[in-house]
Amino acid sequence: MKTAFWLAGVAALALAQPAFAGDTIKIGFVSTFSGPTAVIGNDMRNSFELALDHLGRKMGGKPVEVIYEDDGQKPDVGKQKTEKLIQSDKVDFIAGYIWSNVLLASLKTAVDAKTFLISANAGPSQLAGELCSPYVFSTSWQNDQTPQAMGLYMNQKGVKSVFLIGPNYAAGKDMLAGVKSTFKGEVVGEEYTVWPSQLDFSAELTKAKNSKAESIFVFYPGAAGVQFLNQYAQAGIKAQMPLYTAFTVDELSLPLQKDNAIGVPGAQEWVNDLPNAENKRFVEDYRKKYTGLRPTYYGAQAYDAAQLINSAVVAVKGDTDKKDAMKAEMEKANFKSLRGPFKYGNNHIPIQNFYLQDVVKGADGELSLKTVATIVKDDQDRFHDKCPMK
Amino acid sequence: MLVLVEQSLNGLQFGLLLFLLAAGLTLVFGIMDFVNLAHGSLYMMGAYFAATFVAWTGSFVFGIVLALGATLLLGIVLEYVALRHLYGRDHLDQVLATFGLILFFNDAVRLIWGPAGLALPLPAWLTVPVQIMPGVSYPAYRLSIIAVALAVAAMLYVVVMRTRIGMLIRAGASNREMIGALGINIKLLFTLVFGLGAALAGLAGLMQAPILTVQIGMGENILILAFVIIVIGGIGSIRGAFLAAIFVGMIDTLGRAFLPDLLRKVLSSAAASTAAPALSSMLIYLLMAIVLVVRPEGLFPAAKR
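Read top to bottom, the protein sequences are chains A and B. Just so we're aligned: 32 in our numbering is position 32 of the first sequence, and the numbers increase by one with no gaps anywhere. Counting the second sequence from 1 gives a position; our numbering is that position plus 390.
Here you go:
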């Protein structure tokens, strides 16, 4: 009986402990570290770690502990991992999230627990609109913004008609809706493919070819982008139907896409050659620390997430119980983003520039991405009016 | 009309590729009564070997021949080292062991080749579209997949139905003990069958590699389709696998191609474009369910034992 009493007491103490602001800043990081898209998760982790190196691995004078969890690109797994991080690890912040469907599944857990969630990639329209929350910030974009920029570029190029192809999940629909909202020409057809299992796009390419559209727009992140470009090149329609993309060509897919990616324009909020001091340091140190790898926009966003968290922790001098003060600080976006100009709208989605990127062959024969032009300045997502936060 | 021709070619090509994978699976499953979940890993290994050897030798054809040999060898070694100890066990043990092999191969690939995947670029003569009839041009590489798979199907038919080895394979499948008592080395025979199955899986993987990417776990999704095909075709029947594979390839591709337009006539455009991909990927499983109800043995069951 006595033992049981003691045990209960010890258990109660152990449970009560993390309720006080700890001696360390605990950050949970949910991303994909297994399966074919693990390279994206690795790049985010590499960049997040690099940001911590740059911060001396301390925030507001306290050491930082990061717990990385693998969502396996599955919404149910992502939700479980989010619950675990919040409920048993009691993290102060939770960051990461590549996939919109994983983020949407995990969102409520974080918001209900009033734990700050920093999306370093996923930007579903719901997050910018009706599901916006004081506890959620983005260091990426709302999904529609990047394809919207691409639509604007296609208008500039005088493209008259387009055939849209994308994967059938939250982000895929946002992307195609985004390009439709700004593109002034005719949308001849629109095809969605099963995600992530469908890898052969022959049926869709045949339809596009026979639609007599002037161009094709696609959104295929990760390995699917490699596959699409392979098949697009093999179909031999590059000359008749030029391709416009969002999130299809990046530093991870480029070594596999090779020459197939030359001349395929993409829109992006961050490119490795953006001329600001922070970005130069990031790209140089990344390539030094992780030899043979190049940072991607996923990584740049993860780096910004660490900087955003740091700004909040520094503002409250490490007392992470002061949530209102941290929220107020984060809303100021008081850190130097790798992409240059960066501020927050009412819905905690960045207001930022979008650039046109192209693939160029360097003197050493290596392919790399290069900024060609600024498509749109200080772009704000089109869902911010639906967000109840003013 | 021309669209239909082209989409049918897409379906045929996809089906024949599935056949290469399913043929090996049905041989091993039907003849050796062995459930091999690691078949998808052999598919992946074929692709990795091809990407590596093509890069080493600088020749597409030579690299592919080397990769086929390597997968055949890998299959034989795998059978000899691990799998032959499982023949006497029940299917659940086999499933567990070969599932373990999937994990083993995935991590072995991650160690050797890294997590990022590889590219298998095509030589220039295979990247051009070919004019097959007025108004229809088709990628040369996809045509070559169709040709290779048809050749393999014909070869398999001849080997299994017309040669002494094939006769022994069929005999071994219907009564293992008896053929052993007649002085035939059934162990060696099964090793050869497994090696052949592995080489077929490897061939499917390396044929698919230039269209898709060479990456970890590439064999897992497609293995499910291969199982569906051998269930529809009848376990152990190569002819069944051939016809079922073409059937599944056609249904999948034509479903994806025409279902959205059909649905748009009934539903709103947005609802149709969301529902169509989901529905078309369900079609083949629907087909499997119907086949299981109407003909549980499959459409073309292998000869009765």
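Heads up, the beta-carbon is just placed ideally off N, CA and C, and yes, glycines get one too.
Compare the C-beta of residue i with all C-beta atoms of chain B and state if any pair is closer than 9 Å.
| i | result |
| --- | --- |
| MET175(A) | no |
| LEU274(A) | no |
| SER215(A) | no |
| LYS258(A) | yes |
| THR193(A) | yes |
| ILE98(A) | no |
| ILE237(A) | yes |
| VAL77(A) | no |
| LEU252(A) | yes |
| ALA223(A) | yes |
| ALA203(A) | yes |
| PRO124(A) | no |
| VAL271(A) | no |
| GLN227(A) | yes |
| ASN46(A) | no |
| PRO255(A) | yes |
| ASN230(A) | yes |
Taking DSSP as the reference, what is the three-state secondary structure of residue i?
| i | result |
| --- | --- |
| LEU243(A) | strand |
| ASP480(B) | coil |
| GLU69(A) | strand |
| THR461(B) | helix |
| ALA14(A) | Its pLDDT being 49, under 50, ALA14(A) is placed unreliably in this model, and the value from its coordinates should be taken loosely. Helix at ALA14(A). |
| ASN375(A) | Correcting the residue identity first, residue 375(A) is Ile in this sequence and not Asn. Looking at ILE375(A) - three-state DSSP - the assignment turns out to be strand. |
| ASN210(A) | helix |
| SER658(B) | coil |
| ASN279(A) | helix |
| ALA506(B) | coil |
| TYR192(A) | strand |
| ALA544(B) | helix |
| SER253(A) | coil |
| ASN575(B) | coil |
| ILE27(A) | strand |
| ASP497(B) | helix |
| MET1(A) | Caution applies to MET1(A), whose pLDDT of 47 falls short of 50 and renders its modelled position unreliable; the model cannot decide the point. |
| GLY166(A) | strand |
| TYR355(A) | strand |
With a threshold of 9 Å between beta-carbons, can residue i be considered close to chain A, or not?
| i | result |
| --- | --- |
| GLY405(B) | no |
| ARG695(B) | Low local confidence applies: a pLDDT of 43 at ARG695(B) is under 50, so the model's placement there is unreliable, and no value is given. |
| ALA696(B) | This structure leaves residue 696(B) out entirely; chain B is present only between 391 and 695. |
| TYR531(B) | yes |
| SER670(B) | yes |
| ASN400(B) | yes |
| LEU512(B) | yes |
| LEU644(B) | yes |
| PRO686(B) | no |
Can you give the beta carbon distance from residue i to residue j, rounded, assuming they're within the 8 Å contact cut?
| i | j | result |
| --- | --- | --- |
| SER161(A) | GLY96(A) | About 38 Å; that fails the 8 Å criterion. |
| GLY236(A) | SER527(B) | 7 Å |
| LEU402(B) | ILE536(B) | 6 Å |
| ALA589(B) | GLY465(B) | 7 Å |
| PHE33(A) | ASP70(A) | 4 Å |
| PHE342(A) | SER311(A) | Not a contact, Cβ separation roughly 12 Å. |
| SER133(A) | VAL111(A) | 5 Å |
| ASP43(A) | PRO295(A) | 7 Å |
| PHE383(A) | GLY172(A) | Not really, about 17 Å apart at Cβ, beyond 8 Å. |
Given that residue i touches chain B, what residues does it touch there, using C-beta distances under 7 Å?
| i | result |
| --- | --- |
| ALA261(A) | Within chain B, no residue comes near ALA261(A); the closest Cβ sits about 11 Å away, beyond 7 Å. |
| LYS207(A) | ALA647 |
| LEU199(A) | LEU602 |
| ASN347(A) | Near ASN347(A) there are no residues of chain B at all, since even the closest Cβ is about 24 Å away, more than 7 Å. |
Please list, in chain order, the chain A residues whose beta carbon lies closer than 7 Å to that of residue i.
| i | result |
| --- | --- |
| PRO667(B) | ASN168, TYR192, THR193, VAL194 |
| ASN426(B) | None at all; the shortest Cβ gap to chain A is about 21 Å. |
| THR664(B) | ASN168, TYR192 |
| ASN611(B) | SER197 |
For a contact defined as C-beta to C-beta under 9 Å, what are the partners of residue i on chain B?
| i | result |
| --- | --- |
| ASN210(A) | LEU392, VAL393, GLU396 |
| ASN101(A) | Simply none; closest approach about 13 Å. |
Residues of chain B with a CB under 8 Å from the CB of residue i: which are they?
| i | result |
| --- | --- |
| VAL39(A) | PRO505, ALA506, GLY507 |
| GLY35(A) | ILE606, GLY607 |
| ASN42(A) | PRO505 |
| VAL264(A) | The contacting residues do not exist; VAL264(A) stays about 16 Å from chain B at best. |
So is the beta-carbon of residue i under 8 Å away from any non-hydrogen atom of the ligand ZN?
| i | result |
| --- | --- |
| ALA208(A) | Of the ligands one can find in the structure shown there are none, so the ligand ZN has no counterpart to examine. |
Residues of chain A with CB under 9 Å from residue i, in chain order?
| i | result |
| --- | --- |
| PRO519(B) | GLN234, ALA235, GLY236, ILE237 |
| THR442(B) | By Cβ distance, chain A contributes nothing, its closest Cβ being about 14 Å from THR442(B), past 9 Å. |
Report the neighbours of residue i on chain A: residues whose CB is nearer than 8 Å to its CB, in chain order.
| i | result |
| --- | --- |
| SER527(B) | GLY236 |
* Could I get the ranges of all uninterrupted alpha helix (DSSP H) runs contained in the stretch 72-131 of chain A, with 4 residues as the minimum, in chain order? => With a minimum length of 4 residues, the continuous alpha helix (DSSP H) runs that stay inside the stretch 72-131 of chain A are 75-83, 100-112, 125-128.
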